[in-house]
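Student:
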Amino acid sequence: MSLIYLLGALIIIMVAVLCTLINPKFQRFAGQIAGIAPIIASIYFLWQIPQVMAGHFVTVKIPWLTLLDINIDFRLDGLSLFFSLLISLIGLAVFYYATQYLSKEHDNLPRFYVYLLLFMLSMLGIVTANNTILMYVFWELTSVSSFLLIAYWYNKGDSQFGAIQSFMITVFGGLALLAGFIMIYTVTGTNSITSIIEQSDKIAQSDLFIPIIILILIGAFTKSAQFPFHIWLPKAMAAPTPVSAYLHSATMVKAGIFLLFRFTPVLGLSDFYIYCVTFVGLITMIFGAINAIRQVDMKAILAYSTISQLGMIVSMVGLGGGFAQHPTGDLSKIYGLILFAALFHLMNHALFKGALFMGVGIIDHETGTRDIRRLSGLRKVFPITHIIMLLSALSMAGIPFLNGFLSKEMFFDGLVSAHQLPQFNIFLTVIIAVIGVVASIFTLIYAVYMIKEVFWGDYQKADLPIKNPHEPFMFTLPSAIMMILLPIIFFVPNIFGHHIILPALRSITIGENVDKIAPHVSQWHGFNLPLILSLIVMIVGFTAVFKIDWKKYVNKIKVTSITDLYLGSYKQFEHYSGYGIRSLMNNRLNHYITLTLLIFIMVVVYGVIQTGFPKVQQIHVSEFGPLEVITLIVVFVLGIALTFIRQRLTMVILNGIIGYCVTIFFILMKAPDLALTQLVVETITTILFIVSFSRLPNVPRTKVHKKREAVKIIVSLLMAVIVVMLVFIAQQSDSMPTISTFYHDAYELSGGKNIVNSILGDFRALDTLFEGMVLIIAGLGIYTLLNFKERRGQDERE
C-alpha cells in the first residue's frame, strides 16, 4: 500500500499549497511547500530500485467497479519505475527552478504549484496504473493540467491559443485511446494491463487487432507530438519556462512513448505496427530538425528539437517492436539492443533537454528576450549558463565524451542492422539509415548554431531589453547538476544501464533471457559503420555551421505549415457547427419537441424492425362501459379543440379537464391512490398555470402555415401510434419478469406499510432526492430571472 500512501501524500501537499491562499503572507512559501512532493517521490522511487531489480514489484489493487473490471490497480515494475524516476527527479529540479523563475509579487504562486502538482500526480498515475480505464483517467488529467499550465498567463493571446490547441489535440487522442481500450476489453474481457499482455496472442488473432493498433497509436502520437499531431508542442511554449522544461523533458511528451513501450508485447505482433511507428518516428525526426533551423526564438528551437528527438525515440520503439514476434534467438539481440537504446536515449534526452530549457529560461528572465537575432556574446555575462547549454547542446548533437553520443551510436547501430530483421530489406534499411543520418546532421546544425549565435561573437548590450543582466548562481544550480551528469553517464553508463534501464527492458520484453540480450554499453566499439556515420554527421554538421551563413537561408527553407491547415479546419468547423446549432436552437419550443419526438419515433421503429411488430390479435382489452366511452369521447374532443384555441386561459382550463378525465379513468380502474395523486397534481398545476398565464398576452392569430401544421399533425399521429404500440408490447411481454416482484419484500426491507412511500423513500431515494434538487434549481432560476427583470427595469428608470 506504500504506493497509495505516496499518491495520498502528494494530494495532501496539493491541499496544503491551496491553503496558502488564505493569507497573502503564506503565498510566497507555496513553492517550498510544493517542493516537498518531488522530494518524497524521488526518495520513494530511489528506495524501490533494489526491490524492482530483484523482481519484487509493488502492487496495489482496490476493487471498485468489479463487474466491469475497473479497479484502483497500480503496479510498480521496471518500466514504471524508470519513468517515475524521471518524473520525480526532473520534477525536483523543475520545482526548485520555478521558485527562482517566478515572481513572488506578480505571479499567483499557489495556483501555479497546484497545477504543477496535479500534472506530476497525473503523470505518476499514468506510468503506475495497471488498469486501462484508470490509466485513461490519469491520461486525461495530464491534458487538463497541461492546459491549465500552458494557459497560466491567461491574459496573453498566445497562452490562450496554445492551451486550447494542445487540449483539443491531446483530448482527441485520449478519446481514440479510450476506444482502443474498450475494444481490448471486448476481446479479452479484462482491463488489467498484465492480463491483457498475457492474452496478446488472443488479441492478435482478433478482427479488431488493426483498429486497436490504430486507435492506440493515435493516442500515443498526439501525446508525444508525432507528425502530423506535433503542431501543439511549439504553441505550448507560451507556458512559463519551468513548465516547458518539465513538459518537454520528462513528462507530457514522454507519456505517449511510455504507452508504446507498455503495449509493445501486444502491438508488436503486427508488422503494420512496426512499419507505422518506425516511419512516423523518422518523418517526425527529420521534420522537426528542419523546422528547428528556421526558428529565431530559442524556446521554439528547443520545441522543434523535442519533436525531432521524440521522433528518434519513437522510431527505435518501432524497430524494436518485433521482439514480441521473436523473443528468443539471434533476432532478439538486435531487438533488445534497439529497445535498450530507446530507453537510454529517453533518459539522456530528459537530462540535456531539461538543462537547455532552464538555460533559455535564465537568459529570457535576465535579458528580457529569447530572440537569437538580439543575443550575442552572452558567454561574458552568463559563463555558467554558457557551459551548461554548450555541453547540453553537444550531447543532443551526439558529440563524444557526453551521454548523447552513446545513445546516438546505438541508434545508428540499430538502423544499419535493420536489414537483419524480417520486416526490413536492404532497400528499406538504406532509406531509414539515410533519414536518420540527415536528421542527425540537422540536429547538430541547429544545436551548435544556437550556441554560436547566442553566446559567441561580440556582446551587444544595446540590443537587450534589460541593459544590465546578471547570472544568479542559485538560478543555475538545477541545470548545472543535470549538466554534470552528461559526462558522468558517458564514462559509467552501465551503472545506470544495469540499475534503471535493464529492469525497464525486462518489463517491455517479458522475457527471461533479457540479461543475455541486453547490450553492454562501452565508449569504443571499434571502427565500424555506426562510428563512420557519426563522423559524417560531425564533419558535415560543423562545416555547415561555420561555413554557411544560416541567417540568409532561414527564411528560404519552406516547410508546409500544418498549423495553417489546423486553423483553417478549425474555422470551418466553427462556422458549420455554429450554423448547425443556430438551426437547431431557434428558440421555438414546438421545433424542439418535434425533433425530440421524431428521434424517439426513429429509435422505437428501429427496435420494432429488429424484434418484430406486436400481434394485435393477442391484445387483452379490459372491460368497459358507457362511462368509459363518454370520458374517452370528452378527452378526444378536448384534445382536438386545443389545437384551434389561442386564448391561454381557456387552453389551461381545457388541459386541466383532460387531467380530471384521466382521474376518472383511474377511479373506474379501482386505483384510488393513483386517482387521488392525479387529482391533487392536476389541481395544483392548473392553478399555477392560471396564475402564471393570466399575466401573459394571448397567442396572436396568424395565417396557418399548412406545411408546418401538417408536420405537427403527422408527428402527433405517429407518436400516438407508437404509444399504443408500446402498450401492446408491454402486454405481450409475459416472458420477462415483472418489476413488481422486486417490491414483494418492501415491508421487511424498508419497514414501510405503503408500497408507494417505500418506493419513493427507499428504493428510489436518490432519484427522489435529485428530483427535489431539480425543482430547487429551477425555482432559484425563476427567482433570479424575476429579480433580474425588476432590477433591469429599475436601472432603466434611473
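Sequence positions in the sequence shown follow my numbering and run 5 to 802.
All residues carry an ideal CB built from backbone N, CA and C; glycine is no exception.
Note that the structure is a prediction, hence the values are computed from the model and not measured.
If you measure between the beta carbons of Gln329 and Gly381, is that distance less than 8 Å?
Tutor: Contact: no.
Student: Applying the 10 Å Cβ sphere with the 16-neighbour rule, what's the burial state of Ile8?
Tutor: With fewer than 16 Cβ atoms within 10 Å of its Cβ, Ile8 is classed as exposed.
Student: Using only the alpha-carbon positions, how far apart do Thr24 and Ala259 sit?
Tutor: Roughly 31 Å separates the two Cα atoms.
Student: Looking at the unbroken alpha helix (DSSP H) that takes in Ile657, where does it start and where does it end?
Tutor: Unbroken alpha helix (DSSP H) run through Ile657: 652-672.
Student: Do you know offhand how far Ile388's Cα is from Thr132's?
Tutor: The straight-line gap from Cα to Cα measures roughly 37 Å.
Student: Please report the residue range of the alpha helix (DSSP H) in which Arg79 lies.
Tutor: Here Arg79 belongs to no alpha helix (DSSP H); instead the beta strand (DSSP E) covers 74-80.
Student: Please list, in chain order, all residues of the same chain as Leu263 whose beta carbon is under 6 Å from its beta carbon, the five residues on each side excluded.
Tutor: Around Leu263: Ala224.
Student: On the CB-based measure, 16 or more other CB atoms within 10 Å of its CB, does Ala724 come out buried or exposed?
Tutor: Exposed, since its Cβ has fewer than 16 Cβ neighbours within 10 Å.
Student: Using 10 angstroms around the beta-carbon of Tyr580, count the other beta-carbons present and answer buried if the total reaches 16, otherwise exposed.
Tutor: By the 10 Å Cβ count, Tyr580 comes out exposed.
Student: What number of angstroms, rounded off, separates the C-alpha of His502 from the C-alpha of Val247?
Tutor: Their Cα atoms are separated by approximately 31 Å.
Student: Could you tell me the alpha carbon to alpha carbon distance between Asp467 and Gly292, rounded to whole angstroms?
Tutor: Whole-angstrom Cα-Cα distance: 29 Å.
Student: Excluding sequence positions up to five away, which residues of its chain have a Cβ less than 8 Å from the Cβ of Ala102?
Tutor: Taken in chain order, the residues that qualify are Gly35, Phe116, Tyr117, Leu120, Pro244, Pro246.
Student: Mark Tyr450 as exposed unless 16 or more other C-beta atoms lie within 10 angstroms of its C-beta, in which case mark it buried.
Tutor: Classification of Tyr450: buried, given that the 10 Å Cβ count is 16 or more.
Student: Can you give the beta carbon distance from Leu219 to Leu181, rounded, assuming they're within the 8 Å contact cut?
Tutor: Contact flag correct, Cβ pair sits at about 7 Å.
Student: For Gln464, I'd like the list of residues in its chain whose CB is within less than 7 Å of its CB, leaving aside the five on either flank, ordered along the chain.
Tutor: Once the five neighbours on either side are set aside, the close Cβ partners of Gln464 are Ser380, Gly381.
Student: How long is the line joining the alpha carbons of Ile488 and His369, rounded to whole angstroms?
Tutor: Each residue's Cα considered, the two are about 23 Å apart.
Student: Rounded to the nearest angstrom, what separates Val175 and Thr146 at their Cα positions?
Tutor: Whole-angstrom Cα-Cα distance: 10 Å.
Student: Under the DSSP definition of a beta bridge, which residues are partnered with Asp301?
Tutor: Bridge partners of Asp301: Asp375.
Student: When you compare only the Cα positions, how much space is there between Gly12 and Gly184?
Tutor: One C-alpha to the other measures close to 30 Å.
Student: If you reduce the DSSP assignment to three classes, tell me which class Ala133 lands in.
Tutor: Strand, per DSSP.
Student: Check the DSSP bridge columns for Ile66 and list the partner residues they point to.
Tutor: Answer is Ile76.
Student: Output yes or no for whether 8 Å exceeds the beta carbon distance between Pro42 and Gly129.
Tutor: No, they are not a contact pair.
Student: On the three-state DSSP scale, how would you describe Tyr9?
Tutor: Looking at Tyr9 - three-state DSSP - the assignment turns out to be helix.
Student: If distances are taken between C-alpha atoms only, which option among Arg32, Leu72, Asn135, Arg652 comes closest to Asn112?
Tutor: For the residues Arg32, Leu72, Asn135, Arg652, the minimum Cα distance to Asn112 belongs to Arg32.
Student: List the whole-angstrom C-beta distance separating Arg81 from Val56, where the pair is believed to meet the contact cut-off of C-beta under 8 Å.
Tutor: Sequence check: residue 81 is Asp here, not Arg. About 7 Å separates the two Cβ atoms, so the contact holds.
Student: In whole angstroms, what is the alpha-carbon distance linking Glu800 and Leu790?
Tutor: Model confidence at Glu800 stands at a pLDDT of 46, short of 50, so the residue's coordinates are unreliable; what they give is reported in the following sentence. Roughly 16 Å between the two C-alpha positions.
Student: Locate the alpha helix (DSSP H) running through Thr4, then write down its first and last residues.
Tutor: Outside the displayed span of the chain (5 to 802) sits residue 4, for which this structure offers no information.
Student: If I follow the unbroken alpha helix (DSSP H) through Ile403, where does it start and stop?
Tutor: Looking at the DSSP string, Ile403 is not in any alpha helix (DSSP H), and its letter there is neither H nor E.
Student: So, helix, strand or coil for Ser196, using DSSP?
Tutor: It is a strand residue.
Student: Work out the CA separation of Leu680 and Leu646 for me, nearest whole Å.
Tutor: Rounded to whole angstroms, Leu646 to Leu680 spans 25 Å at the Cα level.
Student: Given this structure, state the Cα-to-Cα distance separating Pro232 from Ile311, to the nearest angstrom.
Tutor: Those two C-alpha atoms are separated by around 11 Å.
Student: Pull up the CB-CB distance for Val321 and Thr268, whole angstroms please, since I reckon it's below 8 Å.
Tutor: Confirmed, Cβ separation roughly 7 Å.
Student: Could you name the residues of the same chain whose beta carbon sits closer than 7 Å to that of Leu22, not counting the 5 residues immediately before and after it, in chain order?
Tutor: Hits under 7 Å: Pro114, Val118.
Student: For Trp528, which three-state DSSP category applies?
Tutor: Residue state, collapsed to three classes: coil.
Student: With distances taken Cα to Cα, identify the nearest neighbour of Tyr339 among Asp375, Phe265, Thr371.
Tutor: The candidate whose alpha carbon is nearest that of Tyr339 is Phe265.
Student: Please report how far the alpha carbon of Pro54 lies from the alpha carbon of Phe415, in whole angstroms.
Tutor: Spanning the two alpha carbons is a distance of roughly 29 Å.
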